[in-house]
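Student: So that we are looking at the same thing, I have put the structure below in structure tokens.
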Amino acid sequence: MRVIAGTARSIPLKSREGLDTRPTGDRVKVAVFNIIQFEIPGARVLDLFGGSGQMAIEALSRGASGAVIVDASSEAMEIIRENLARTKLAPMAKTVRADYLEYLNGCRERFDLIFLDPPYRENFLENALKRISEIDILKSGGIIVCEKPAGKTLEAAYGEIRHTKDYRYGKTEISIFRREDPCLI
Numbered sequence: 004m005r006v007i008a009g010t011a012r013s014i015p016l017k018s019r020e021g022l023d024t025r026p027t028g029d030r031v032k033v034a035v036f037n038i039i040q041f042e043i044p045g046a047r048v049l050d051l052f053g054g055s056g057q058m059a060i061e062a063l064s065r066g067a068s069g070a071v072i073v074d075a076s077s078e079a080m081e082i083i084r085e086n087l088a089r090t091k092l093a094p095m096a097k098t099v100r101a102d103y104l105e106y107l108n109g110c111r112e113r114f115d116l117i118f119l120d121p122p123y124r125e126n127f128l129e130n131a132l133k134r135i136s137e138i139d140i141l142k143s144g145g146i147i148v149c150e151k152p153a154g155k156t157l158e159a160a161y162g163e164i165r166h167t168k169d170y171r172y173g174k175t176e177i178s179i180f181r182r183e184d185p186c187l188i
């Protein structure tokens, strides 16, 4: 696993051992960043299920202005901080050790881009999308990138956050949601 492009290009990243973390593969990560490439410069990013922090780190490397990386695991937080240090992107990121709902319930920031890649076996993805729509932390025009198992269905909309497109890569599917301006709906 490595940073694909930008200021930290080719720097290898660490990830947790075992089955608790499922890092996004390079093929899927390249595809995601090709899809959202024009959304990244200057964006405020939230990586809600950080794991290794690779999605936020990739966005920072490509010009995002800042990121918040959240994970409930102390081991994951240690790896995320190490990855931020090795890429020299630590000054642009804030790490938060918390459960995703705990973080969202106390969140007072707004973001342009949110990455959601929770454990597949739970309903964390649906819960996160619902809570994000309720607390209004995604800016108008902002996007949410969801990684999920292929075939898993999500609602067409969560409040003002609307599903726009799915992309399938083997057993992985990327769903893109965008917050519409309520005046244009």
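To convert, note that position 47 of the sequence shown is 50 in my numbering; the numbers rise steadily by one, no gaps. Ideal Cβ placement from N, Cα and C applies to all residues, glycine included.
1. Within 10 angstroms of its Cβ, does residue 40 collect 16 or more other Cβ (buried), or is it exposed?
2. Reducing DSSP to helix, strand and coil, say where residue 113 ends up.
3. Mapping the DSSP letters down to three states, classify residue 160 as helix, strand or coil.
4. Pick out whichever of 129, 94 and 84 has its Cα sitting closest to the Cα of residue 104.
5. Flag this pair as touching only if the segment 72-80 and the segment 151-170 have three or more C-beta atom pairs under 8 Å; answer yes or no.
6. Mark residue 174 as exposed unless 16 or more other C-beta atoms lie within 10 angstroms of its C-beta, in which case mark it buried.
7. Answer yes or no: does any C-beta atom of chain D fall closer than 8 Å to that of residue 48?
8. Helix, strand or coil for residue 105, going by three-state DSSP, please let me know.
9. Tell me which same chain residues have a C-beta within less than 6 Å of the C-beta of residue 52, skipping the five on either side of it?
10. For residue 92, which of helix, strand or coil comes out of DSSP?
11. What span of residues does the beta strand (DSSP E) with residue 6 cover, start to end?
12. Whose CA, out of 84, 163, 165 and 114, lies closest to the CA of residue 42?
13. On the DSSP bridge assignment, give the partners of residue 70 in chain order.
Tutor: Once the coordinates are examined:
1. Here residue 40 refers to the residue found at position 37 of the sequence shown. Label assigned to residue 40: exposed.
2. The sequence position of residue 113 within the sequence shown is 110, counting from 1. Three-state DSSP puts residue 113 in coil, outside helix and strand.
3. Against the sequence shown, residue 160 aligns to sequence position 157. It is a strand residue.
4. As a first step, residue 104 must be located in the sequence shown, where it is residue number 101. Of the listed residues, the one whose Cα sits closest to residue 104 is 129.
5. no
6. Here the question's residue 174 lines up with position 171 in the sequence shown. Exposed is the call here.
7. This model lacks chain D altogether; it includes just one protein chain.
8. In the sequence shown, the residue the question calls residue 105 occupies position 102. Here residue 105 sits in helix by DSSP.
9. In the sequence shown, the residue the question calls residue 52 occupies position 49. Answer for residue 52: 120 and 121, listed in chain order.
10. Numbered from 1 along the sequence shown, position 89 holds the residue referred to as residue 92. DSSP places residue 92 in coil when its eight states are reduced to three.
11. The sequence position of residue 6 within the sequence shown is 3, counting from 1. First-last for residue 6: undefined, no H or E at that position.
12. If you number the sequence shown from 1, residue 42 lands on position 39. Residue 42 has its Cα closest to that of 114, out of 84, 163, 165 and 114.
13. Residue mapping note: residue 70 aligns to position 67 of the sequence shown, counting from 1. Answer is 48 and 96.
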